[in-house]
Amino acid sequence: MEEQAEMVGRAFVDHYYHLFDTDRASLSSLYQPSSMLSFEGQKLFGANDISSKLNQLPFDQCKHLISTIDSQPSSPSGGIVVFVSGSLQLPGEEYHLRFSQMFHLIPTPEGTFFVQNDIFRLNYG
Amino acid sequence: MDPDALSKAFVEHYYTLFDANRGALANLYQETSMLTFEGQKIQGSQSIVAKLTSLPFQQCQHSITTVDCQPSGPAGGMLVFVSGNLQLAGEQHALKFSQMFHLMPTQQGSFYVLNDIFRLNYA
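Take a look at the structure:
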């Protein structure tokens, strides 16, 4: 069960940040009405508001570079918590921003996962 | 108790225990608990506390910068995401860390740590 959590975590992280960096609007497919995002302390609910927030971030292009991915099963019903750290490069900026992010993935009937909980924090200093 | 207040109370309790009496953390974990500590996976309260009490420092002080929490589902669980600094005695610079807890309610009306993931944040 733990190995599966790790595999799902890695595959999800790969997919999520690839979408974020190439087609941010399509991230909405990974959230549902029950999803929650805390972005630098700001709380958003539901795929629409979450997607709006991410689309309105003050940069057109970005690149995530992932340093660590840790995953664990969160429940007998197949949920997975994924903890990510890495850096975010914005075009024109000399220094990368460091960040940590946590996802709680819930299985869908179709055999994929959606993001029910998402918490993002920049790591300053 | 509202989730934000609850998570702040938990975080304060956890790190106070950690900094004062690491062995007492055993009460916060159960047999199903999982800790991933800098990539090392440990399961069960006994093994987790053995790991934490064998960390290579006697004294430490956590100072918390941010706490974010969200309910995790119908079972009443709470996800808590923490960032802060860890000062070790004798070290000039504090280490920066991030940590995630998934808390589940107990029958006695408190919470235990089901999932715990800890990472240092290197510059």
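Protein sequence lines correspond, in order, to chains A and B.
Each residue of the first sequence is one higher than the last, beginning at 1 in the UniProt record's numbering.
Each residue of the second sequence is one higher than the last, beginning at 1 in the UniProt record's numbering.
All C-beta atoms in this analysis are idealised placements derived from N, C-alpha and C, irrespective of residue type, glycine included.
Boundaries (first-last residue) of the beta strand (DSSP E) holding residue i
i             : result
residue 21/B  : Premise fails: residue 21/B is in no beta strand (DSSP E) and is neither H nor E.
residue 118/A : 113–122
residue 86/B  : 78–88
residue 71/A  : 63–73
residue 61/B  : 60–71
residue 32/A  : 31–39
residue 60/A  : No beta strand (DSSP E) holds residue 60/A; DSSP gives it neither H nor E.
Beta-carbon contacts of residue i that lie in its chain and below 8 angstroms, excluding the five residues immediately before and after
i            : result
residue 40/B : 51
residue 55/A : 24, 25
Bounding residues of the alpha helix (DSSP H) (the contiguous stretch that carries residue i)
i            : result
residue 55/A : 46–55
residue 47/B : 45–53
Neighbouring residues, chain A, relative to residue i (Cβ below 9 angstroms)
i            : result
residue 5/B  : In chain order: nothing, as chain A lies at least about 15 angstroms away.
residue 13/B : The contacting residues do not exist; residue 13/B stays about 20 angstroms from chain A at best.
Candidates the options, of which the one nearest residue i by Cα
i             : options                 : result
residue 120/B : 76/B, 102/B, 90/B, 83/B : 83/B
residue 118/B : 118/A, 116/A, 102/A     : 102/A
residue 47/A  : 55/A, 58/A, 29/A, 56/A  : 29/A
residue 111/A : 24/A, 79/A, 25/A, 124/A : 79/A
residue 3/A   : 12/A, 36/A, 73/A, 27/A  : 73/A
residue 60/A  : 108/A, 16/A, 92/A, 10/A : 92/A
Contacting residues, own chain, Cβ-Cβ under 7 angstroms from residue i (five flanking each side not counted)
i            : result
residue 48/B : 29, 33, 35, 42
residue 11/B : 64, 67, 80, 82
residue 40/A : 120, 121, 122
residue 86/A : 64, 65, 66, 67, 99
residue 88/A : 62, 64, 96, 97, 99
Secondary structure of residue i, DSSP reduced to three states
i             : result
residue 102/B : strand
residue 14/B  : helix
residue 34/B  : strand
residue 14/A  : helix
residue 95/B  : strand
residue 19/A  : helix
residue 102/A : strand
residue 90/A  : coil
residue 121/B : coil
residue 107/B : coil
residue 107/A : strand
7 angstroms Cβ cut-off: residues of chain B touching residue i
i             : result
residue 104/A : 72, 79
residue 50/A  : Simply none; closest approach about 12 angstroms.
Amino acids of chain A, ordered along the chain, whose beta-carbon sits closer than 7 angstroms to that of residue i
i             : result
residue 115/B : 72, 74, 81
residue 34/B  : 72
residue 54/B  : Here the premise fails: no neighbours, minimum Cβ distance about 20 angstroms.
residue 83/B  : 100, 121, 123
Within chain B, partners of residue i - CB distance below 8 angstroms
i            : result
residue 41/A : 66, 68
residue 7/A  : In chain order: nothing, as chain B lies at least about 14 angstroms away.
Within chain A, partners of residue i - CB distance below 8 angstroms
i             : result
residue 39/B  : 68, 70
residue 121/B : 85, 98, 100, 123
residue 75/B  : 75
Cβ neighbours of residue i in the same chain (closer than 6 angstroms, five flanking residues each side left out)
i             : result
residue 87/B  : 61, 94
residue 115/B : 34, 102
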